[in-house]
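Colleague: Per the numbering used here, residue -4 is the first one in the sequence shown, and the count goes up by one each step. The beta carbon of each residue, even a glycine, is placed where N, CA and C say it ideally should be. Mind having a look at this structure? Questions to follow.
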Amino acid sequence: MEKETQKKVLLSGIQPSGDLHLGNYLGAIKNWAELSDQFECYWFMADLHTITVRQNPADLRRRTLTQIAVYIACGLDPEKNTIFVQSHVPAHAELGWVLDCYTMFGELSRMTQFKDKSAKHADNINAGLFTYPCLMAADILLYQPDFVPVGEDQKQHVEICRDIANRFNHVYGEVFRMPEPYIPKQGARVMSLNQPDTKMSKSIPEGCVFLLEKPEDILRKFKRAVTDSDTEHCVRYAPGEKPGVSNLIQIYAACTGKSFEDVEREFDGKGYGVFKPAVGEAVVETLRPIREETERLLADKAYLESVYRAGAEKASYVANKTLRKVYKKVGFLAP
Ligand code: TRP
């Protein structure tokens, strides 16, 4: 127990806004299971964030539960990690409001993601989309974490979180611990199978392998994967020259634990017609236990409920401590 409290705290949120894919797994989730030995970890389904873009309610509910099951299936042990749903812990919305009042219109207007998303959803530029960074800052600061593992695209959000925390601390004293972005030991950067110059993403479904996809569909996608139009036709890692083949080598290496050189040697003298199905098979075998375990967990709703209820209870305890402190500092009368 003593040791427990000394561990550094790490927290991250994941929006249940799309089905998880191989890029999410090899690039991030796969490495998270190990973190819980080193850190006290909080992982939450950022459902409040998803409604800044219109969602189908039934899909959102299904994806939130499925995502919890997938994380557990990928090795996040609920005994060692706090796994919860953001909307189950009201302190997020409550601190979010307070932080709205300590964040400037100008700084929110400069956020890259706001500019991108309002261009993409011009018919729904809602206030939530604009103040999203304040809610995200609340998500983080409630748990006083040392580290926040985020991808490149979210770094600006951790920056503004630090600015907001600093501003608040400057007025009221050291209320919030200053979080650092955590750059995980490099995971694979998986590219789209049919457009290997762009990151694998659910928005290009033909080039994307979803974690729960049927093996035959996965194999078909790999057989159709774009290779390169060079003349040598050999399996050689050269991302600049041969992005398609290099992406497949990287995927194969990540799934089998082999080095790029080993992979080149293994397929030396063999054509893409042998290589591509082999990568497909390796991916199918990597994902099979995850899919099976996810399906097993989804059939056991009582267990999943027990996980996210316990997670919300633990998270609320920690979050409410910070929230009470904040309410007191700003001058709200104690209830
Ligand atoms: N904004 C993050 C994303 O879109 C998700 C997120 C919400 C998050 N709250 C967070 C990530 C807090 C880290 C910490 O990916």
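For Cys96, is the classification buried or exposed, using 16 other Cβ atoms within 10 angstroms of its Cβ as the cut-off for buried?
Modeller: Taking the first residue of the sequence shown as position 1, residue 96 is located at position 101. The residue in question, Cys96, is exposed, as its Cβ has fewer than 16 Cβ neighbours within 10 Å.
Colleague: Can you give the Cα-Cα distance for Met106 and Pro128, rounded to whole angstroms?
Modeller: On the sequence shown, position 111 is the one that residue 106 refers to. On the sequence shown, position 133 is the one that residue 128 refers to. Those two C-alpha atoms are separated by around 9 angstroms.
Colleague: Considering only DSSP beta bridges, list what Lys194 is partnered with.
Modeller: In the sequence shown, counting from the first residue as 1, residue 194 sits at position 199. Bridge partners of Lys194: Met186.
Colleague: From Met(-4) to Tyr138, what does the alpha carbon distance come to, in whole angstroms?
Modeller: Here residue -4 corresponds to residue number 1 of the sequence shown, with the count starting at 1. Here residue 138 corresponds to residue number 143 of the sequence shown, with the count starting at 1. The predicted position of Met(-4) is uncertain, since its pLDDT is 46 and thus under 50; a value taken from the coordinates is nonetheless stated next. Those two C-alpha atoms are separated by around 18 angstroms.
Colleague: Can you tell me the Cβ-Cβ gap for Gly182 and Lys25, rounded? I've got them flagged as a contact below 8 angstroms.
Modeller: Here residue 182 refers to the residue found at position 187 of the sequence shown. Here residue 25 refers to the residue found at position 30 of the sequence shown. With a Cβ gap of about 7 angstroms, Gly182 and Lys25 count as contacting.
Colleague: So, with DSSP's three-state summary, where would you put Glu109?
Modeller: For the purposes of this step, residue 109 is identified with residue 114 of the sequence shown, where counting begins at 1. Reading off the sequence, residue 109 comes out as Phe, not Glu. The answer is helix: DSSP assigns Phe109 an H, G or I state.
Colleague: From Ile67 to Pro73, what distance separates their C-alpha atoms?
Modeller: If you number the sequence shown from 1, residue 67 lands on position 72. If you number the sequence shown from 1, residue 73 lands on position 78. Approximately 7 angstroms, taken between the alpha carbons.
Colleague: Here's the rule I'm using: 16 or more other beta-carbon atoms within 10 Å means buried, otherwise exposed. How should Met40 be labelled?
Modeller: Sequence index remark: in the sequence shown, residue 40 carries index 45 (1-based). Buried, by the Cβ-count rule.
Colleague: So who's on the other strand from His16, going by DSSP bridges?
Modeller: For the purposes of this step, residue 16 is taken as residue 21 along the sequence shown, with counting starting at 1. For His16, which the question treats as bridged, DSSP gives the partners Phe205.
Colleague: To the nearest angstrom, how far is the alpha carbon of Lys(-2) from that of Lys112?
Modeller: As a first step, residue -2 is located in the sequence shown; it is residue number 3 there, counting from the start. As a first step, residue 112 is located in the sequence shown; it is residue number 117 there, counting from the start. Bear in mind that a pLDDT of 49 at Lys(-2), under 50, signals an unreliable position, so the number given afterwards is only what the model happens to contain. Lys(-2) and Lys112: Cα-Cα distance of roughly 43 angstroms.
Colleague: Where His16 and Gly101 are concerned, what is the direct C-alpha to C-alpha distance, given to the nearest angstrom?
Modeller: Indexing the sequence shown from 1 puts residue 16 at position 21. Indexing the sequence shown from 1 puts residue 101 at position 106. Whole-angstrom Cα-Cα distance: 35 angstroms.
Colleague: Hey, quick one: how far does the alpha helix (DSSP H) through Asn164 stretch, first residue to last?
Modeller: Within the sequence shown, numbered from 1, the residue matching residue 164 stands at position 169. Looking at the DSSP string, the run of the alpha helix (DSSP H) that includes Asn164 is 150 to 167.
Colleague: In this structure, how does DSSP classify Ile78 when only helix, strand and coil are distinguished?
Modeller: The residue labelled residue 78 in the question sits at position 83 within the sequence shown. Ile78 falls in the strand class under three-state DSSP.
Colleague: So what does DSSP say about Gly337, is it helix, strand or coil?
Modeller: Residue 337 lies beyond the range of the chain shown here (-4 to 330); nothing can be said about it.
Colleague: Cβ of Ala23 versus every heavy atom of the ligand TRP: is any distance shorter than 6 angstroms?
Modeller: Translated into positions along the sequence shown, residue 23 becomes position 28. Because no heavy atom of the ligand TRP lies under 6 angstroms away, the Cβ of Ala23 does not count as near it: no.
Colleague: Please list the segments of the alpha helix (DSSP H) lying wholly inside the segment 260 to 320, counting only runs of 4 or more residues, in order along the chain.
Modeller: Those alpha helix (DSSP H) runs which fall completely within the segment 260 to 320 and span 4+ residues are 267 to 293.
Colleague: How about the segment 83 to 97 and the segment 309 to 318: do they share at least three Cβ pairs that are nearer than 8 angstroms?
Modeller: The segment 83 to 97 vs the segment 309 to 318: in contact.
Colleague: If you run the structure through DSSP and keep just helix, strand and coil, what is Val143?
Modeller: Numbered from 1 along the sequence shown, position 148 holds the residue referred to as residue 143. Three-state DSSP puts Val143 in a strand.
Colleague: Roughly how many angstroms separate the alpha carbons of Glu89 and Ala329, rounded to a whole number?
Modeller: In the sequence shown, residue 89 corresponds to position 94, counting from 1. In the sequence shown, residue 329 corresponds to position 334, counting from 1. The straight-line gap from Cα to Cα measures roughly 15 angstroms.
Colleague: Report whether the distance from the Cβ of Gln10 to the nearest heavy atom of the ligand TRP is below 6 angstroms.
Modeller: Looking up residue 10 in the sequence shown gives position 15. The answer is yes for Gln10.
Colleague: May I ask you to report which of helix, strand or coil DSSP gives Lys237?
Modeller: The residue you call residue 237 lines up with position 242 of the sequence shown. Three-state result, Lys237: coil.
Colleague: Pick from Met131, Gly266, Thr98, Gly202: whose alpha carbon is nearest that of Asn161?
Modeller: Reading the sequence shown from its first residue, position 166 is the one you call residue 161. When only C-alpha atoms are compared, the closest one is Thr98.
Colleague: Taking only three categories from DSSP, how would you classify Lys3?
Modeller: As a working mapping, residue 3 is identified with position 8 in the sequence shown. Here Lys3 sits in strand by DSSP.
Colleague: Return yes when at least one heavy atom of the ligand TRP lies under 6 angstroms from the C-beta of His165, else no.
Modeller: Counting from one through the sequence shown, the residue named residue 165 turns up at place 170. Flag unset: Cβ of His165 not near the ligand TRP.
Colleague: Whole angstroms is fine: what's the gap from Lys3's alpha carbon to Arg172's?
Modeller: Start at 1 with the first residue of the sequence shown, and residue 3 comes out as number 8. Start at 1 with the first residue of the sequence shown, and residue 172 comes out as number 177. Whole-angstrom Cα-Cα distance: 12 angstroms.
Colleague: What does the Cβ neighbour count give for Glu300, buried or exposed, with the cut at 16 atoms within 10 Å?
Modeller: The residue labelled residue 300 in the question sits at position 305 within the sequence shown. Glu300 should be labelled exposed.
Colleague: Looking at Met40 and the ligand TRP, is the gap between the Cβ and the nearest heavy atom below 6 angstroms?
Modeller: In the sequence shown, counting from the first residue as 1, residue 40 sits at position 45. No - the ligand TRP has no heavy atom lying nearer than 6 angstroms to the Cβ of Met40.
Colleague: Within 10 Å of its beta-carbon, does Trp38 have 16 or more other beta-carbons around it, so buried, or fewer, so exposed?
Modeller: As a position in the sequence shown, residue 38 is number 43, starting the count at 1. Buried: at least 16 other Cβ atoms inside 10 Å.
Colleague: Under three-state DSSP, which class holds Asp54?
Modeller: On the sequence shown, position 59 is the one that residue 54 refers to. Helix, per DSSP.
Colleague: Tell me, which residues are paired with Cys36 by DSSP?
Modeller: If you number the sequence shown from 1, residue 36 lands on position 41. According to DSSP, which records beta bridges pairwise, Cys36 is partnered with Leu5, Asn76.
Colleague: Alpha carbon to alpha carbon, what distance is there between Gln33 and Ile155?
Modeller: The residue labelled residue 155 in the question sits at position 160 within the sequence shown. The residue labelled residue 33 in the question sits at position 38 within the sequence shown. Computed Cα separation, rounded: 27 angstroms.
Colleague: Check for me: the beta strand (DSSP E) holding Pro176 runs from which residue to which?
Modeller: On the sequence shown, position 181 is the one that residue 176 refers to. Unbroken beta strand (DSSP E) run through Pro176: 175 to 177.
Colleague: Sort Leu136, Pro200, Gln62, Ser241 by Cα distance to Lys320 and report the nearest one.
Modeller: Position 325 of the sequence shown, counted from the first residue, corresponds to residue 320. Per the Cα distances, Leu136.
Colleague: Can you name, in chain order, every residue of its own chain whose Cβ lies under 7 angstroms from the Cβ of Cys250, other than the five neighbours on each side?
Modeller: The residue given as residue 250 occupies position 255 in the sequence shown. Here the set comprises Ala277, Val278, Thr281.
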